[in-house]
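Undergrad: If you're matching positions, the sequence shown starts at 371 in the working numbering and goes up one per residue. Glycine included, every Cβ here is placed at the ideal spot set by N, Cα and C. A quick note: this is a predicted structure, and the numbers were derived from the prediction, not measured. Below you'll find the structure I mean.
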Amino acid sequence: MPPRTDPKKKTKSFNEVCSNFAEACSGIESDANNPANELLDLLKASTENSQALNESEMTAVKVMQLLLPAVNVLSSTMIIKNCAVQDAKIEKIYSAVRLNAYAIDNQNQYSRRENLRIAGINEEEGEDLFSVLVTICDAMNLKLNKSDIVSCHRVGKKGIQNNNRTVIMRTTRDFKAKIFANKKGLHGKPDFKNIYFNDDLTTLKFKLFQIVRKLDNVKAAHTRDGKIHCILKDNSRQTVENPDDLFKLVKEGNSSNRVSSQVIVTAHSSFVNSDNGVHVNSVKEGNSSNRVSSQVIVTAHSSFVNSDNGENSIDTSVQNTKSESVKSNSCDSVKVLALNVCDLKSKLKSPELEVLCNNYDILCFSESKLDQYDVINIKHFKSLPPLNRKNAKRKSGGIIVFVRDYLFENVEVLNSSNENVLWFILDNNVFDYATLFGAVYIPPESSNYSNIDIFDVLERDIIKYTAETRCKVCLLGDFNAHTGTKTDFTEINDYVLNSVQLEDVINSVNLETLGIDVSRNSLDLSVNNYGNRLLQLCQNIELLIVNGRLGKDKGIGALTCKNTTIVDYCILSPELFPYISEFEVLPFDPMLSDVHNALHVKILCKLIDVNKCMNSGEPSTIVKAVWDSKNLQSFNDCLNDENIVCLNDKLGCH
């Protein structure tokens, strides 16, 4: 006769199994790889060698074990189906939003149908635009009366540069048509050769017009009443009113195999397609039979809704022009983009920023306006931990940096003591020097977040990290500092000679030795408190401003904000100047930033050896001479007339 067991004890044991099982179910993570297996293992462990369960209770446990995999499959299937349905709904919403945006843009364009944009009219103080326009119309054999003009004024803020601002003239549709019909009358007249009449296009229409003109299968293009009229090379005609029309035009250009090798075509489109889904692939390299260059990128940002099968797809890929398999020790340069983007999420909705990013290796964005819930992904880039402004009433400020996949393993992120600069090091496997990068955003002086002590913190961080790592320094970003043309280095005078050691001072002699211009040009001559503090920081820790000294900005000092000021800077250790092969303040694009210009910097990874340079015959090769103190005596021994004469003979100097 089997031993008697206490029924209460059995029931309690089975309840414990059920309780543990329920607790395990509630504790499963949503991203667990296989929750059914975890629960099965728990059941087996709970009931293994258990003598407290009777036969019916063991049967219940076995039923649970049998049902678990089936429940897992059913729940996973339901989740997948539900996600697919929700994704389809989201895409339809996106499509509707885009279509609404196009409709709004069309209404905006319609309101401008009586406007003319006139470029090239010399701007003078106290000018009488009506008299100027009368003179221009007379040259076109047109009589202009005051009743023909509703309003006439210049647009845009007058900058420091002597650029002639565009004139907007609102007239009647009849007189506008007469101007377009007679504007050829200005041809050949020297006084009017730089004057152009155009439609007053919205931003979207203007972007479309720029893209259409670059298409290789388009022979000619012009605008009338906000519509872009194209004549193709096969003499057919097309009209482009929105990105959908552009997408069709790009598709036709691809089918005729006549895509330009220099064009980057980007189309934002939202289609309701009754046929099979339309698909555009990025052009692959080496397609010589179709006469398509490897530099061609055709990017289609599209959302298709197929009425036949209801399937949806999104293609937002941009072909990577740089092989991700490139190792850090084989790349010859690193391109850096620095931009106050004024809300990164909104700017990435347009394709311009994505296409621009594809040309760079490091992206430094300030005023990203993100929070801890935002996740930003850019293809072929990895994001460093962002600095988001905390305790703000709304999203503001912020810094985020993206690094190419192939460079990411060479990056070390450092702790930032404040939210105004994001520090990271690119090691000496990439450059001759390990380089400390600082992506900077300092709020304006008038901001609630402004603090003059920010520059003290910045200076302490640089001293700390360079002392620990022996790095050279590269600062990039929006400092909101106006520095004019004041010097950013310590000038040698009697006071300095008596108070400091010469080797501790960057002076004009040292700058000229490094090939750095002593003078620094700037179109913005204003100086504010932040500017003085930034200049003091440069002098204290031996850094120099690149703006106005190098690349396409040499001798200029182009404006970087609102076409009136310079607040965005690239600031370097002097030793890095020979490595900068390109520096430029890029033209302003409202699709990239609300008011700021982007900074373009190309940094060479290695400088060419002197001996290799002499044999290469390349005049553009950069040479860096390195003094080795161990050879001091050898240098002195060689300083005699006989050796100098022999050296002259070898070099062919007479």
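1) Between which two residues does the beta strand (DSSP E) carrying residue 951 extend?
2) Could you check how far apart the C-beta atoms of residue 849 and residue 904 are, in whole angstroms? I think they sit under 8 Å.
3) Could you pull the start and end residues of the beta strand (DSSP E) that residue 597 belongs to?
4) When burial is assigned at 16 or more other CB atoms within 10 Å of the CB, is residue 760 buried or exposed?
5) Check whether the Cβ atoms of residue 966 and residue 952 sit closer than 8 Å, and answer yes or no.
6) Which first and last residues belong to the alpha helix (DSSP H) in which residue 900 is found?
7) If we ignore side chains and look at the alpha-carbon of each, how far apart do residue 584 and residue 448 end up?
8) Can you say whether residue 480 is buried or exposed, counting buried as having 16 or more other CB atoms within 10 angstroms of its CB?
9) Label residue 739 either buried or exposed according to how many other C-beta atoms from any shown protein chain fall within 10 Å of its C-beta, with 16 as the threshold for buried.
10) For residue 645, which residues of its own chain have a beta-carbon under 6 Å away from its beta-carbon, when the five flanking residues on both sides are left out?
11) Taking only three categories from DSSP, how would you classify residue 454?
12) DSSP three-state call for residue 886: helix, strand or coil?
13) What alpha helix (DSSP H) runs, 4 residues minimum, are completely inside the region 776 to 852?
14) CB-CB under 6 Å to residue 919, same chain, minus the five flanking residues each way: which ones, in chain order?
15) Could you give the first and the last residue of the continuous beta strand (DSSP E) run that contains residue 610?
16) Who are the near neighbours of residue 484 in its chain, counting only those whose CB is closer than 8 Å to its CB and skipping five residues on each side?
17) Do residue 782 and residue 797 come within 8 Å of each other at the CB atom, strictly closer than that value?
18) I need the boundaries of the beta strand (DSSP E) containing residue 517, first residue and last residue.
19) Sort 775, 471, 900 and 807 by Cα distance to residue 816 and report the nearest one.
20) Give the secondary structure of residue 449 by DSSP, where H, G and I count as helix, E and B as strand, and everything else as coil.
21) Run the CB neighbour count on residue 968, radius 10 Å, all protein chains shown included, and call it buried at 16 or more, exposed below.
22) So, helix, strand or coil for residue 619, using DSSP?
23) Does the beta-carbon of residue 613 have 16 or more other beta-carbons within 10 angstroms, so that it is buried, or is it exposed?
24) If you follow the alpha helix (DSSP H) that residue 708 is in, where does it begin and where does it stop?
25) Checking 8 Å against the spacing of the C-beta atoms, do residue 754 and residue 794 come in under that value?
26) Quick check on the DSSP output: the alpha helix (DSSP H) that includes residue 501 runs from which residue to which?
27) How do the region 448 to 465 and the region 492 to 512 stand: do at least 3 beta-carbon pairs fall below 8 Å, yes or no?
28) Please report the residue range of the beta strand (DSSP E) in which residue 540 lies.
TA: So, from the data block:
1) Here the beta strand (DSSP E) through residue 951 covers 950 to 955.
2) That belief holds up - the Cβ atoms of residue 849 and residue 904 are roughly 6 Å apart, short of 8 Å.
3) 597 to 602
4) exposed
5) No.
6) 899 to 911
7) C-alpha of residue 584 to C-alpha of residue 448: approximately 48 Å in a straight line.
8) exposed
9) buried
10) Caution is warranted here: a pLDDT of 36 is assigned to residue 645, below 50, making its placement in the model unreliable, and the coordinate value is therefore given only provisionally. Excluding positions up to five away in sequence, the list is empty.
11) Look at residue 454 here: in three-state DSSP terms it is helix.
12) coil
13) You should have 824 to 839.
14) Apart from the 5 residues on each side of it in sequence, residue 919 sits with its Cβ closer than 6 Å to the Cβ of 887 and 890 in its chain, given in chain order.
15) 607 to 610
16) 520, 540, 541, 542, 543 and 546
17) yes
18) In the DSSP annotation of this structure, residue 517 is not part of any beta strand (DSSP E), being labelled neither H nor E.
19) 900
20) helix
21) buried
22) helix
23) buried
24) Run containing residue 708: none in the alpha helix (DSSP H); it sits in the beta strand (DSSP E), 703 to 710.
25) yes
26) 499 to 509
27) no
28) Residues 537 to 541.
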